[in-house]
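Chemist: The following block contains the structure, expressed as structure tokens.
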Amino acid sequence: MATVSKYLVYGPADTLRRMPNQLFEQIEPKYLYDYKSSDTGDQVHVAVYEEYEKQINASVTLTCIIEFTGKQSRFELKKTGGRMGFRGSSLDEEKRTIDDEVVDFILDFGKRFGLTVQQEKEQSPQEDES
Numbered sequence: 001m002a003t004v005s006k007y008l009v010y011g012p013a014d015t016l017r018r019m020p021n022q023l024f025e026q027i028e029p030k031y032l033y034d035y036k037s038s039d040t041g042d043q044v045h046v047a048v049y050e051e052y053e054k055q056i057n058a059s060v061t062l063t064c065i066i067e068f069t070g071k072q073s074r075f076e077l078k079k080t081g082g083r084m085g086f087r088g089s090s091l092d093e094e095k096r097t098i099d100d101e102v103v104d105f106i107l108d109f110g111k112r113f114g115l116t117v118q119q120e121k122e123q124s125p126q127e128d129e130s
């Protein structure tokens, strides 16, 4: 099970620069890597969140890659692990998962500070009929 969600966030550079730090303060990652380009000033943050699901005896990992280019921030969330099928269906639907919390943070932060948040949809390849 691997799902990928991508979000583009547009707004003032100072607000976009503050966003990853507030995310990491509010939802603390298990692992965190930061990179700042000395040439362009671009920043890349990679955070790994891990959540253990006791009901299904499996852990779910969320990798969050944040690219800040000055004009926009790009969030790429990749969720892996867990169980599929019958055993995975026994999860409580009311329980919030780690990816729900991160996505809610992105949307809430964008709304509070007047940022433009766009979710990128995966384009399914079109088959050519010839």
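Counting from 1, one number per residue, gives the positions in the sequence shown under full-length UniProt numbering.
Beta carbons: idealized from backbone N, C-alpha and C, even for Gly.
(1) In angstroms, rounded to a whole number, what distance separates the CA positions of residue 67 and residue 55?
(2) Using a Cβ-Cβ cut-off of 6 Å (strictly less than) and excluding sequence neighbours within five positions of residue 113, which residues of its own chain qualify?
(3) Suppose you measure from the CA of residue 18 to the CA of residue 53; what does that come to, to the nearest Å?
(4) Assign residue 8 to one of three DSSP states: helix, strand, or coil.
(5) Can you tell which of 12, 58, 44, 108 has its C-alpha closest to the C-alpha of residue 146?
(6) Out of curiosity, what's the CA-to-CA distance linking residue 97 and residue 70?
(7) Report the rounded CA-to-CA distance for residue 116 versus residue 57, giving the unit in angstroms.
Modeler: Reading from the atomic positions:
(1) 34 Å
(2) 15.
(3) Computed Cα separation, rounded: 31 Å.
(4) strand
(5) Look at the range of the chain in this structure, 1 to 130, and you will see that residue 146 is not part of it.
(6) 30 Å
(7) 38 Å
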